[in-house]
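The block underneath contains the structure these notes are about, expressed in structure tokens.
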DNA sequence: CCCCTCCTGACAGTTTCCGGCAGTTGAATG
DNA sequence: CATTCAACTGCCGGAAACTGTCAGGAGGGG
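Residue numbers (the numbering used here), protein chains in the order written: chain A, 54 to 282; chain B, 54 to 282.
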């Protein structure tokens, strides 16, 4: 049972150990499988996130190990994690809060002592004042925009309550002044702007993509912000 | 493809996140699989080295999972980490902020793309309003008290500004209502109390140890807090 | 042109997986 | 003592996934 999964791990291990360019034939022999299946296995690993470079007439090379070294954190770092994640659990939208809980659980699993584990987990549950996140809004629209580098159109109420309709290129979602805000390029004003998530009345995904400009746009915005301060 | 393996990981994660005794039915629903299959999956995990305690008429409990391959963070989880840690960098005392930065660097190192790494790191630097942490106070005294389970004596100003001198048994440092507070047993009042760090005028380490009562004390305090809400 | 090697598609045989059902067991509860 | 709960087990048949074999492509080096 689980023969296949086990074999994939062995394959990965073989690629780590064997000297750099390894032929598929060699790996097939190593894992005891036909050539055809080996190609399928390589596919599976790539699909699972491993970066495997394959060149014709040359062989395979493992560029990047996604099974990273077991993350170990010292006590102070654990403390920082617990605090930060507890905060996100309260503040964030449901999806974000769940992710924070999930990280917490993963990190707790690496803790040596069982009682420490439990406390670590417990502390993050202590304080739960009313959720501060703008409940009506579906953050996933914004988050998808950031990740997929697609525009989003908003109905947004500014400080005076004036409502405007605009299209933005969302760059990142961050805390600022204790609130969740979206850093974005505003197509209406043709400038970088921050949008408080609690003032966004509605968000709709648009089809237009701005890939691959997100990284450079965000960089410019950050330098602009830094210059202003 | 690989659906099964993926499901097993999800099952494990579910057991870590959900509160302790979980019924098979619940886990089956969580992983979207029939009850029969769930029992098979539990078997697989046990065979793979996870220690899962199952009691009839009660539920499952995960006692240990060290034998299993290390878990990586997905995109959403990375996002949660970045947000939480950025917050701690601003809020925390220097030692804590440094720890947060250090975790950030460790996690960033595992990110696949170089530009993603850079952005991830950059975002956490964006916003730096004035540090909100009570600058005069040396948090390490309190933190050491928590870790080494030794008493600490405080000069503390309450809500009306009345200053009192008291000895506490510090249990944990957490956020509450957006401020850093110390959860502790107050020897003066003989009760559990929360102390806002920004109202602590002075903290001195005492020699008296309360080891190993910290875990149980904190547990009682937490249940008391939860009962009150 | 030939050889190396990665890579893809199709097909058939085999294996594994999955849900459902029926039933057992241990413990707590009433 | 009966009942409920919920972990477990065995077995079946259909569905799905995996595997090896065969038959090609495709890019680069000699």
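Note that beta-carbon positions come from the ideal geometry of N, C-alpha and C, so glycine has one too.
Using a beta-carbon distance below 9 Å, is residue 184 (chain B) in contact with chain A? Note that residue 184 (chain B) scores a pLDDT of 49, beneath 50, so its modelled location is shaky and nothing firm can be said.
Between residue 87 (chain A) and residue 129 (chain A), what straight-line distance do the alpha-carbon atoms span, to the nearest angstrom? It is roughly 50 Å from the alpha-carbon of residue 87 (chain A) to the alpha-carbon of residue 129 (chain A).
According to the neighbour-count rule (16 or more other Cβ atoms, all chains shown, within 10 Å of its Cβ), is residue 144 (chain B) buried or exposed? Classification of residue 144 (chain B): buried, given that the 10 Å Cβ count is 16 or more.
Inspect the CB distances between the region 63-70 of chain B and the region 232-251 of chain A and report whether three or more fall short of 8 Å. No, the region 63-70 of chain B is not in contact with the region 232-251 of chain A.
Taking residue 153 (chain A) as the reference, give the member of B:142, B:91, B:134 and B:139 with the closest Cα. Selection B:142, B:91, B:134 and B:139 evaluated against residue 153 (chain A) yields B:134 as nearest (Cα-Cα).
Contact check, residue 257 (chain A) vs residue 205 (chain A) under 8 Å by CB: the rounded distance? The pair is a contact, with the Cβ atoms about 7 Å apart (cut-off 8 Å).
With a threshold of 9 Å between beta carbons, is residue 105 (chain A) in contact with chain B? For residue 105 (chain A), no CB of chain B lies under 9 Å from its own CB, so it is not counted at the interface with that chain.
Based on Cα-Cα distance, which residue from A:197, A:89 and A:85 lies nearest to residue 224 (chain A)? Ranking A:197, A:89 and A:85 by Cα distance to residue 224 (chain A) puts A:197 first.
Does chain B have any CB closer than 9 Å to the CB of residue 83 (chain A)? Judged by the 9 Å Cβ criterion, residue 83 (chain A) is not in contact with chain B.
So with CB distances below 7 Å, who are the chain A contacts of residue 228 (chain B)? One finds 136, 139, 140 and 180 in chain A with Cβ atoms closer than 7 Å to the Cβ of residue 228 (chain B), taken in chain order.
Under 8 Å from the C-beta of residue 200 (chain A): neighbouring residues of chain B: Within chain B, the residues 128 have their CB atoms less than 8 Å from the CB of residue 200 (chain A), given in chain order.
Run through DSSP, which three-state label would residue 274 (chain B) get? Residue 274 (chain B) carries a helical assignment under DSSP once its states are collapsed to helix, strand and coil.
Distance, residue 201 (chain B) Cα to residue 164 (chain A) Cα: CA-CA distance, residue 164 (chain A) to residue 201 (chain B), rounds to 18 Å.
So for residue 113 (chain A), helix, strand or coil by DSSP? If DSSP states are grouped into helix, strand and coil, residue 113 (chain A) belongs with the strands.
Does the CB of residue 86 (chain A) have a neighbour CB from chain B at under 9 Å? Judged by the 9 Å Cβ criterion, residue 86 (chain A) is not in contact with chain B.
Could you list which residues in chain A have their beta carbon closer than 9 Å to that of residue 192 (chain B), in chain order? In chain A, no part has a C-beta under 9 Å from the C-beta of residue 192 (chain B); the shortest such distance is about 10 Å.
Using a C-beta cutoff of 9 Å, does residue 102 (chain A) count as contacting chain B? Look at residue 102 (chain A): its C-beta is under 9 Å from a C-beta on chain B.
Name the chain B residues that come within less than 7 Å of residue 277 (chain A), Cβ to Cβ? Under the 7 Å cutoff, chain B gives no residues; its nearest Cβ is about 11 Å from residue 277 (chain A).
Using a threshold of 9 Å, state whether the C-beta atoms of residue 74 (chain B) and residue 102 (chain B) are closer than that. Contact: no.
Quick one: what's got a C-beta closer than 7 Å to residue 244 (chain A)'s C-beta in the same chain, skipping five residues either side? The beta carbon of residue 244 (chain A) lies closer than 7 Å to none in the same chain, with the five residues before and after it left out.
DSSP state of residue 184 (chain B), grouped into three classes? Annotation note: pLDDT 49 at residue 184 (chain B) (below 50); position unreliable, coordinate value reported separately. Looking at residue 184 (chain B) - three-state DSSP - the assignment turns out to be coil, as it is neither helix nor strand.
Taking the straight line between their C-alpha atoms, what separation do you get for residue 229 (chain B) and residue 115 (chain B)? Straight through space, the alpha carbons of residue 115 (chain B) and residue 229 (chain B) are spaced by roughly 30 Å.
Considering only residues of the region 196-259 of chain B, which uninterrupted alpha helix (DSSP H) runs meet the minimum length of 4 residues and lie entirely inside it, listed in chain order? If we require 4 residues or more, the region 196-259 of chain B turns out to have no alpha helix (DSSP H) run fully inside it.
Per-residue DSSP class, three states only, for residue 193 (chain A): Residue 193 (chain A) falls in the helix class under three-state DSSP.
Among A:253, A:237, A:162 and A:127, nearest to residue 71 (chain B) - alpha-carbon criterion: Selection A:253, A:237, A:162 and A:127 evaluated against residue 71 (chain B) yields A:162 as nearest (Cα-Cα).
Between residue 94 (chain A) and the rest of its own chain, which residues show a CB-CB distance below 8 Å, the 5 nearest in sequence each way excluded? Answer for residue 94 (chain A): 60, 61, 64, 84 and 86, listed in chain order.
List, in chain order, every chain B residue whose beta-carbon is nearer than 8 Å to that of residue 195 (chain A). The premise fails here: residue 195 (chain A) is roughly 12 Å from chain B at the closest Cβ pair, so nothing lies under 8 Å.
For the alpha helix (DSSP H) holding residue 102 (chain B), just list the boundary residues, first then last. Here residue 102 (chain B) belongs to no alpha helix (DSSP H), and DSSP marks it neither H nor E.
In whole angstroms, give me the CA-to-CA distance for residue 151 (chain B) and residue 158 (chain B). Looking at the two C-alpha atoms, the distance is approximately 11 Å.
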